[in-house]
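Down below is the structure, laid out as structure tokens.
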Amino acid sequence: MKQFLTKISSFTLAFLVLFSTFSFTVDTHYCGDFLVDISFIGESDACGMSMEKISEKKSCCKNEVHQIEGQDTLQTNKIKNITFENQQFLAAFFIAYKDLFVEVDTENNFYKNFSPPDFSFDYQISYQSFLI
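Right, dumping it as structure tokens:
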């Protein structure tokens, strides 16, 4: 069970690192107030009603581009010097963490001196009622 949880957590963290650096673009095309097309790869297709801007009228179509950017570089922290307080904390943390996983072998023998009850009378045979 512990190995299974370790594999799940390592896979989740690898997935998180991968998608934190991933960036993509969503291109949408609206005709009036209605969504006509969404594209994740390139430009979205137009609806065919693109009107040139006339001095009094505005175009009813619009394109929106949503760009989701990931990280370019990952931050790495280096510990340059370890102080005495950090050493104390690490030692206490290691000892406390190690003591969490101590296996305790206990035997509970509740059934050791238990004998099943004696049935002196067999009710199924005497009443001849059997479940089929």
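According to mature numbering (1 follows the signal peptide of the UniProt record, and there is no 0), the stretch in the sequence shown is residues -25 to -1, 1 to 107, in order. The beta carbon of each residue, even a glycine, is placed where N, CA and C say it ideally should be. No experiment lies behind these values; they were computed from the predicted model shown.
Query	Result
Taking the C-alpha atoms as reference points, what is the distance between residue 21 and residue -24?	53 Å
Based on the DSSP output, what are the partners of residue -2 in its beta bridges?	43
Report the rounded CA-to-CA distance for residue 23 versus residue 53, giving the unit in angstroms.	57 Å
Buried or exposed for residue 41, going by 16 or more other Cβ atoms inside 10 Å?	exposed
Going straight from the alpha carbon of residue 55 to that of residue 62, what length do you get?	13 Å
Let me check one thing: in DSSP terms, what residues is residue 9 bridge-paired to?	6
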